[in-house]
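In the working numbering, the protein residues as written are 50 to 136.
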């Protein structure tokens with residue numbers, strides 16, 4: 050009878066241990082994704098269609114850039130740095 054009681058107590062203790070989940074072991078709760086609302090297009094906003102293109106070599110010329118990007122649309126203005134300081 051003592052053996053049965055011991056086995057029963059051991060099984061109950063084991064079940065209690067498996068029900069407990071340590072907060073450290075549990076994965077963090079996922080936060081819902083919140084997407085930023087897109088601003089409506091304002092044709093008077095000069096920055097609305099501004100594009101930054103990185104990784105161009107300092108040896109690139111304005112003529113090369115215009116030739117390469119003309120197919121993307123009209124280029125009204127652009128700044129092409131000539132050195133690493135942006136001048």
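From the three backbone atoms N, C-alpha and C, an ideal C-beta is built for every residue, glycine too.
**Expected contact under 8 angstroms - CB spacing of residue 129 and residue 114 to nearest Å** = 6 angstroms
**Request:** Go ahead and pull the three-state DSSP assignment for residue 112.
**Result:** helix
**Message:** Quick check: residue 82 and residue 107, are their CB atoms within less than 9 angstroms of each other?
**Reply:** Not a contact, by the Cβ cut-off of 9 angstroms.
**Request:** To the nearest angstrom, report how far apart residue 61 and residue 87 are at their CA atoms.
**Result:** 56 angstroms
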